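Input: a single structure, listed below in structure tokens.
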């Protein structure tokens, strides 16, 4: 067993001394005091206090169409990018949070209809990961799906949930520029488009 397939330590190597919720809303913030194992030592760390942001588990999908040689991204206002010097409107893959015990696949199919009008038949899983494990508990499942894309974009989303989403369609020929010009500012869309670049090389 090596670091390639197993972490150095497990959950049993963390001692939780105390935890207290500071805020409970759609996002929850918790104050946690812990000690954890140290590398190459038998003792534990001194007491460490951290704020832990809890976000629901989420899933996202890149829609692409080999026949049309195009892919779809959405653009919407994001509060996390409020201080971005360029814009708080971000290009992203279609995504959403899991509803209760909903599976990532069910979530993605629902979100695709709401944010693009596209029906997904088959999904390919790429990665499941923590986007910002330094402070946030969110766990994200990333997929790709080949679909029949519409001929034009449009405005989508659920207005009663504060969503105002622009669907953009890009030609495969625009992929390299999009990956290089700094327009992409979040991990899932970059990871998905890097997969698409590899997919196009293998065709």
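In our numbering, the protein residues as written are 37 to 239.
Think of the CB as a built atom: it goes at the ideal place given N, C-alpha and C, for glycine as much as any other residue.
These figures come from a predicted structure and were not determined experimentally.
Spatial distance of residue i from residue j (CA atoms)
| i | j | result |
| --- | --- | --- |
| residue 223 | residue 83 | 32 Å |
| residue 64 | residue 47 | 22 Å |
| residue 205 | residue 188 | 7 Å |
| residue 185 | residue 172 | 34 Å |
| residue 216 | residue 128 | 15 Å |
| residue 236 | residue 68 | 45 Å |
| residue 238 | residue 198 | 40 Å |
| residue 226 | residue 194 | 25 Å |
| residue 201 | residue 75 | 46 Å |
| residue 190 | residue 49 | 50 Å |
| residue 44 | residue 78 | 13 Å |
| residue 36 | residue 88 | Residue 36 falls outside the range modelled here, since the chain spans only 37 to 239, and no answer is possible. |
| residue 154 | residue 101 | 11 Å |
| residue 141 | residue 57 | 31 Å |
| residue 196 | residue 62 | 16 Å |
| residue 51 | residue 175 | 22 Å |
| residue 218 | residue 122 | 10 Å |
Beta-bridge pairing of residue i - partner residues as DSSP gives them
| i | result |
| --- | --- |
| residue 86 | 68 |
| residue 202 | 111, 191 |
| residue 172 | 89 |
| residue 50 | 72 |
| residue 80 | 73 |
Chain B within 7 Å of residue i, Cβ atoms only
| i | result |
| --- | --- |
| residue 132 | Within the model displayed, chain B is absent; a lone protein chain is all it includes. |
6 Å CB neighbourhood of residue i in its chain, flanking five on each side removed
| i | result |
| --- | --- |
| residue 133 | 92, 94 |
| residue 90 | 64, 173 |
| residue 42 | none |
| residue 113 | 124, 125 |
| residue 164 | 177 |
| residue 161 | 179 |
| residue 53 | 69 |
| residue 159 | 141, 179, 181 |
CB-CB length for residue i against residue j, believed under 8 Å
| i | j | result |
| --- | --- | --- |
| residue 71 | residue 80 | 4 Å |
| residue 144 | residue 97 | 5 Å |
| residue 151 | residue 130 | 5 Å |
| residue 117 | residue 203 | About 19 Å; that fails the 8 Å criterion. |
| residue 221 | residue 135 | Contact flag wrong, Cβ pair sits at about 26 Å. |
8 Å CB neighbourhood of residue i in its chain, flanking five on each side removed
| i | result |
| --- | --- |
| residue 233 | 211, 212, 215 |
| residue 156 | 97, 99, 144, 145, 148, 181, 183 |
| residue 230 | 215 |
| residue 59 | 65 |
| residue 207 | 105, 106 |
The beta strand (DSSP E) enclosing residue i, as first and last residue numbers
| i | result |
| --- | --- |
| residue 130 | 130 to 133 |
| residue 97 | 94 to 101 |
| residue 162 | 160 to 165 |
N-terminal and C-terminal residue of the alpha helix (DSSP H) that residue i is part of
| i | result |
| --- | --- |
| residue 242 | Coverage of the chain is limited to positions 37 through 239, which leaves residue 242 absent and any answer about it impossible. |
| residue 235 | 223 to 238 |
| residue 220 | Careful: residue 220 lies outside any alpha helix (DSSP H) and carries neither H nor E. |
Residue i: CB within 6 Å of a non-hydrogen atom of the ligand HEM
| i | result |
| --- | --- |
| residue 58 | Judged by which ligands are present, the structure shown has none, so any question about the ligand HEM falls away. |
Own chain residues within Cβ distance below 7 Å of residue i, not counting five before or after
| i | result |
| --- | --- |
| residue 167 | 174, 176, 223 |
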